[in-house]
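Engineer:
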Amino acid sequence: MDEKHDSGLLMGPSYLDQAPQKHKQASLGQRLGLAFYFLCVSYILCSVFYRSLGLFGIIGLPDHVGEPAGLAACDAPPFVTYEGETIQWQPCGEINEHPLECGSIDVPMDQFNDSNSGDKTFNIPLIRLRAFNATQGKNLLLNPGGPGGSGIGLVHRRGKQLSTIVGEGYHLVSFDPRGIAASTPKASCYPDSDVRQRLSRVRSKDLVADSPEVFSWTSNFVRACADTMGDHGPYINTPQTAADMNSILDALGQEQMAYWGFSYGTILGQTYASLFPERSERVIIDGVANNFDWFGTSIDQEMWTDTDNVFDGFFDKCIEAGDNCALAGFADTKEEIKNQVLAFGKALQEQPVNVYINSSYYGLVDYEMLFNKAIFSALYKPANWNEVAKLIASLMKGNATDLFLQYGDGDGFGIEGEGQQFVLLNDAQTGPEHWPQDRQAILNATVLLAESSIFGITEAPAVYQKQKWNLAPGHHFKPGHAIETVGPLLILSTTYDPVCPLKSARVANEAFKDSRLVEVLGYGHCSISVVSGCLAQHVRNFLYEGVLPPPGAQCEVDAPYFLPPDEQILLVAEDDDSEEGRLYRAQLELAQEMEWPRRW
1 MDEKHDSGLL MGPSYLDQAP QKHKQASLGQ RLGLAFYFLC VSYILCSVFY
51 RSLGLFGIIG LPDHVGEPAG LAACDAPPFV TYEGETIQWQ PCGEINEHPL
101 ECGSIDVPMD QFNDSNSGDK TFNIPLIRLR AFNATQGKNL LLNPGGPGGS
151 GIGLVHRRGK QLSTIVGEGY HLVSFDPRGI AASTPKASCY PDSDVRQRLS
201 RVRSKDLVAD SPEVFSWTSN FVRACADTMG DHGPYINTPQ TAADMNSILD
251 ALGQEQMAYW GFSYGTILGQ TYASLFPERS ERVIIDGVAN NFDWFGTSID
301 QEMWTDTDNV FDGFFDKCIE AGDNCALAGF ADTKEEIKNQ VLAFGKALQE
351 QPVNVYINSS YYGLVDYEML FNKAIFSALY KPANWNEVAK LIASLMKGNA
401 TDLFLQYGDG DGFGIEGEGQ QFVLLNDAQT GPEHWPQDRQ AILNATVLLA
451 ESSIFGITEA PAVYQKQKWN LAPGHHFKPG HAIETVGPLL ILSTTYDPVC
501 PLKSARVANE AFKDSRLVEV LGYGHCSISV VSGCLAQHVR NFLYEGVLPP
551 PGAQCEVDAP YFLPPDEQIL LVAEDDDSEE GRLYRAQLEL AQEMEWPRRW
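If you want it as structure tokens, here you go:
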């Protein structure tokens, strides 16, 4: 492991000693009320605050957050506004003995033209995980990707691990972007969930045979999106969200941006750094998408550059793992195992397997469930390859129940609503003006997309939607070259990322002056999909000291593939409280449990 830098690991005065002062107008009664609240509630229940915002059920809270006895006897905690900030924060829980605060801000519907907004706004929910030693203005903004991922959910689920990696010198701040998750108004193409369930399904199993139906259905879909969202619809896009990040910074009383964005969050990070280079001091983009393709008219085939390489890597590492991979006993070489899995998938196309649990829960295991849900989502997280191999092996031996129970509901990515479509389609150059092709030409384009990877067919519907999308442009942003930011960007990528290839990271490296790229020599989506102490040290050095890695920097992966989860943990003893031990456990937990929104 590289030489340690202790700047992010200060263990000085407690949080109470470091807490910023409230506005001078705060009364003694308010302060006593806050103290009483902490005395009467040992754990502030996050869901109490969220119920008041109508969010309960949207964000899955950690299992350890429970409702303390006697909570009803305590008054709701008062709002707190810290010196230098304008956000009204309310305590909403704790993670690993670090206080959580929740709040929100209102932002103009159109950040770039006040006359378009009138009195229309978006409400942006905020969450902050306080660090023990961060001073005022030391906030690191996080975005989990998507588009459509909830920043609130990210901090709840993974704040503990991320704070361990970042250290105690930065508060972690995240938000639900405009139109996403708990922000209001929320992007939707349907007035309610019942209508969505009834109208959102279209027959699309066969790429060619179902093309006429998908083409016509999409015309109705895009009209419903426009009608449902009204004036707000066009402004659910990345440049507007980047401007919202400035509003968050201003409300935090922070001049310079510190940011770590994953997956689609790299599009947001690149867009922010392009629009506001003078405020981009510490920007990290991790698992990088091509900004030029994203905002252009072309079909993004670059994202599939290494998808099949990761698929091959799954079988390669399986053979290396021997008995630790449940599929290794099926053949002697990775090619033979891969061919058996592909052949089994082809058989599922011809005859799906029925699974019956009870009268209210049954269904089919088909090709789509095996490949597009189970295997494709597993490519993101190599730390879970051991478990996925068990499910596939069990299926091929005749037990389809286990895989069905794991993937029978949802798409393997855990995202709801149409926020992803709004952002993707509003960002790009879409609609008949840029896509004048007829249905057959669109079909030909989707066939090329499907041929770029065995998983490429998962994005075929987006091609039809790009051609049909008819919302007026809500931004005029175009990516540029030779962008000089106040602080160079730190760019992170694995060697083989299933949807954000190293190739795209190199494009960003060339677009931003003096930026540096760190390649993690492994598989998986974003650097946090693997364990690498070297990578964690580069992040620390950059955030606290502005130190960039040398050109061509590479980091090894520290944990082997296909070890069972309990054995991986045992590689570092639970009572090992060394810095290396804490970082290892935090990275491993992230690698195993990170829930990636959809594709990007």
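If you read the sequence shown in full-length UniProt numbering, its first letter stands for residue 1, the second for the next number, and so on. The C-beta atom is built at its ideal place from N, Cα and C for all residues, glycine as well.
Taking the Cβ atom as the reference point for each residue, do proline 479 and phenylalanine 292 lie within a distance shorter than 7 angstroms?
Structural biologist: Your numbering for residue 479 matches position 479 in the sequence shown. Your numbering for residue 292 matches position 292 in the sequence shown. Yes, the pair counts as a contact, with Cβ atoms nearer than the cut-off.
Engineer: Are the Cβ atoms of phenylalanine 215 and arginine 439 separated by less than 7 angstroms?
Structural biologist: Residue mapping note: residue 215 aligns to position 215 of the sequence shown, counting from 1. Residue mapping note: residue 439 aligns to position 439 of the sequence shown, counting from 1. Yes, Cβ-Cβ distance for phenylalanine 215 and arginine 439 is below 7 angstroms.
Engineer: Please work out which residues of its chain come closer than 8 angstroms, Cβ to Cβ, to threonine 121, disregarding the five sequence neighbours upstream and downstream, and give them in chain order.
Structural biologist: Within the sequence shown, the letter at position 121 stands for residue 121. Excluding sequence neighbours, threonine 121 sits near Asp106, Val107, Pro108 and Met109.
Engineer: Quick check: the segment 529-538 against the segment 329-345, are there 3 or more CB pairs under 8 angstroms?
Structural biologist: No: fewer than three Cβ pairs fall under 8 angstroms.
Engineer: Once you ignore the five residues that flank phenylalanine 404 on each side, which residues in its own chain have a CB closer than 6 angstroms to its CB?
Structural biologist: Stepping through the sequence shown from its first residue, residue 404 is reached at position 404. For phenylalanine 404, where only same-chain residues beyond five positions count, the Cβ hits under 6 angstroms are Val355 and Val365.
Engineer: Taking 7 angstroms as the cut-off, decide whether the C-beta atoms of glycine 261 and leucine 252 are in contact.
Structural biologist: Translated into positions along the sequence shown, residue 261 becomes position 261. Translated into positions along the sequence shown, residue 252 becomes position 252. It is not a contact, given that the beta carbons lie outside the stated cut-off.
Engineer: Between the alpha carbons of aspartate 409 and aspartate 286, how many angstroms are there, rounded?
Structural biologist: Indexing the sequence shown from 1 puts residue 409 at position 409. Indexing the sequence shown from 1 puts residue 286 at position 286. One C-alpha to the other measures close to 29 angstroms.
Engineer: In the DSSP assignment, what are the bridge partners of aspartate 286?
Structural biologist: Position 286 of the sequence shown, counted from the first residue, corresponds to residue 286. Paired residues: Phe262 and Leu492.
Engineer: Could you pull the start and end residues of the beta strand (DSSP E) that valine 365 belongs to?
Structural biologist: Taking the first residue of the sequence shown as position 1, residue 365 is located at position 365. Where valine 365 is concerned, the enclosing beta strand (DSSP E) stretches over 361-365.
Engineer: Just how far apart, CA to CA, sit alanine 226 and tyrosine 464?
Structural biologist: Within the sequence shown, residue 226 is the residue found at index 226, counting from 1. Within the sequence shown, residue 464 is the residue found at index 464, counting from 1. When rounded, the distance between both Cα atoms is 16 angstroms.
Engineer: Determine the DSSP secondary structure at proline 99, reduced to helix, strand or coil.
Structural biologist: On the sequence shown, residue 99 is found 99 positions in, with the first residue counted as 1. Correct three-state label for proline 99: strand.
Engineer: What number of angstroms, rounded off, separates the C-alpha of asparagine 309 from the C-alpha of aspartate 514?
Structural biologist: Residue numbering aside, residue 309 sits at position 309 when the sequence shown is read from its first letter. Residue numbering aside, residue 514 sits at position 514 when the sequence shown is read from its first letter. The alpha-carbon atoms of asparagine 309 and aspartate 514 are separated by roughly 30 angstroms.
Engineer: By how many angstroms is the C-alpha of arginine 130 removed from the C-alpha of leucine 16?
Structural biologist: Within the sequence shown, residue 16 is the residue found at index 16, counting from 1. Within the sequence shown, residue 130 is the residue found at index 130, counting from 1. Reliability of the predicted coordinates at leucine 16 is poor, the pLDDT of 31 falling under 50, and no value is obtained from them.
Engineer: Can you name, in chain order, every residue of its own chain whose Cβ lies under 8 angstroms from the Cβ of lysine 381, other than the five neighbours on each side?
Structural biologist: Working through the sequence shown from its first residue, we reach residue 381 at position 381. Closer than 8 angstroms at Cβ, skipping near neighbours: Gly524, His525, Ser529, Ala591, Gln592, Met594 and Trp596.
Engineer: Which residues mark the beginning and the end of the alpha helix (DSSP H) in which leucine 563 is found?
Structural biologist: For the purposes of this step, residue 563 is taken as residue 563 along the sequence shown, with counting starting at 1. Where leucine 563 is concerned, there is no enclosing alpha helix (DSSP H), given that its DSSP letter is neither H nor E.
Engineer: Distance, Cα to Cα, glycine 581 vs glutamate 97?
Structural biologist: On the sequence shown, position 581 is the one that residue 581 refers to. On the sequence shown, position 97 is the one that residue 97 refers to. C-alpha separation (whole angstroms): 19 angstroms.
Engineer: Among Gln301, Gly474 and Lys397, which has the Cα closest to the Cα of aspartate 231?
Structural biologist: Taking the sequence shown and counting its residues from 1, one reaches residue 231 at position 231. Taking only the C-alpha atoms, the option nearest aspartate 231 is Gly474.
Engineer: Less than 7 angstroms between C-beta atoms, sequence neighbours within five positions excluded: which residues of the same chain meet that for glutamate 589?
Structural biologist: Locating residue 589 in the sequence shown gives position 589, counting from the first residue. Within the same chain, glutamate 589 has close Cβ partners Gln161.
Engineer: Using the C-alpha atoms, what's the distance from glycine 145 back to proline 177?
Structural biologist: The residue labelled residue 177 in the question sits at position 177 within the sequence shown. The residue labelled residue 145 in the question sits at position 145 within the sequence shown. Spanning the two alpha carbons is a distance of roughly 10 angstroms.
Engineer: DSSP three-state label for tyrosine 584, please.
Structural biologist: Numbered from its first residue, the sequence shown carries residue 584 at position 584. Helix, per DSSP.
Engineer: If we ignore side chains and look at the alpha-carbon of each, how far apart do tryptophan 435 and isoleucine 442 end up?
Structural biologist: As a working mapping, residue 435 is identified with position 435 in the sequence shown. As a working mapping, residue 442 is identified with position 442 in the sequence shown. Computed Cα separation, rounded: 9 angstroms.
Engineer: Is there contact between the segment 415-427 and the segment 443-451, where contact requires at least three CB pairs shorter than 8 angstroms?
Structural biologist: These segments do not touch.
Engineer: Determine, using beta carbons only, whether asparagine 133 comes closer than 7 angstroms to chain D.
Structural biologist: Note that chain D does not occur in the displayed structure, where there is just one protein chain.
Engineer: Would you mind stating whether asparagine 426 and proline 564 have Cβ atoms separated by less than 7 angstroms?
Structural biologist: Sequence index remark: in the sequence shown, residue 426 carries index 426 (1-based). Sequence index remark: in the sequence shown, residue 564 carries index 564 (1-based). No, the Cβ-Cβ distance between asparagine 426 and proline 564 is not below 7 angstroms.
Engineer: With serine 174 as the anchor, note down where its beta strand (DSSP E) starts and where it stops.
Structural biologist: Here residue 174 corresponds to residue number 174 of the sequence shown, with the count starting at 1. Its beta strand (DSSP E) spans residues 171-175.
Engineer: Given a threshold of 16 other Cβ atoms within 10 Å of its Cβ, counted over all protein chains shown, does threonine 86 qualify as buried or as exposed?
Structural biologist: Taking the sequence shown and counting its residues from 1, one reaches residue 86 at position 86. Under this definition threonine 86 is an exposed residue.
Engineer: Give me the Cα-Cα distance between leucine 583 and serine 115, rounded to the nearest whole angstrom.
Structural biologist: Reading the sequence shown from its first residue, position 583 is the one you call residue 583. Reading the sequence shown from its first residue, position 115 is the one you call residue 115. C-alpha separation (whole angstroms): 49 angstroms.
Engineer: Beta-carbon separation of phenylalanine 562 and asparagine 324 under 7 angstroms?
Structural biologist: Against the sequence shown, residue 562 aligns to sequence position 562. Against the sequence shown, residue 324 aligns to sequence position 324. Taking 7 angstroms as the Cβ cut-off, phenylalanine 562 and asparagine 324 qualify as a contacting pair.
Engineer: For the beta strand (DSSP E) holding tyrosine 523, just list the boundary residues, first then last.
Structural biologist: Working through the sequence shown from its first residue, we reach residue 523 at position 523. That run of the beta strand (DSSP E) goes 516-523.
Engineer: Going by the DSSP bridge assignment, what does isoleucine 483 pair with across the sheet?
Structural biologist: Against the sequence shown, residue 483 aligns to sequence position 483. DSSP output for isoleucine 483 lists Phe512 as bridge partner(s).
Engineer: For tryptophan 596, which three-state DSSP category applies?
Structural biologist: What you label residue 596 is simply residue 596 of the sequence shown in a count that begins at 1. It is coil, neither helix nor strand.
Engineer: Between proline 560 and lysine 466, what straight-line distance do the alpha-carbon atoms span, to the nearest angstrom?
Structural biologist: Numbered from 1 along the sequence shown, position 560 holds the residue referred to as residue 560. Numbered from 1 along the sequence shown, position 466 holds the residue referred to as residue 466. The alpha-carbon atoms of proline 560 and lysine 466 are separated by roughly 41 angstroms.
Engineer: Can you give the Cα-Cα distance for valine 80 and glutamate 101, rounded to whole angstroms?
Structural biologist: The sequence position of residue 80 within the sequence shown is 80, counting from 1. The sequence position of residue 101 within the sequence shown is 101, counting from 1. The straight-line gap from Cα to Cα measures roughly 9 angstroms.
Engineer: Report back the beta-carbon spacing between isoleucine 491 and alanine 508 to the nearest angstrom; my notes put them in contact at under 8 angstroms.
Structural biologist: Counting from 1 along the sequence shown, the entry for residue 491 is found at position 491. Counting from 1 along the sequence shown, the entry for residue 508 is found at position 508. Indeed, because the Cβ distance is near 6 angstroms, the residues count as touching under 8 angstroms.
Engineer: Helix, strand or coil for proline 91, going by three-state DSSP, please let me know.
Structural biologist: Translated into the one-based positions of the sequence shown, residue 91 becomes position 91. Reduced to three states, the DSSP call for proline 91 is strand.
Engineer: For the candidate residues Ile236, Val195, Val208 and Asp206, whose alpha-carbon lies nearest to that of alanine 224?
Structural biologist: The residue you call residue 224 lines up with position 224 of the sequence shown. That would be Val195, whose Cα lies nearest to the Cα of alanine 224.
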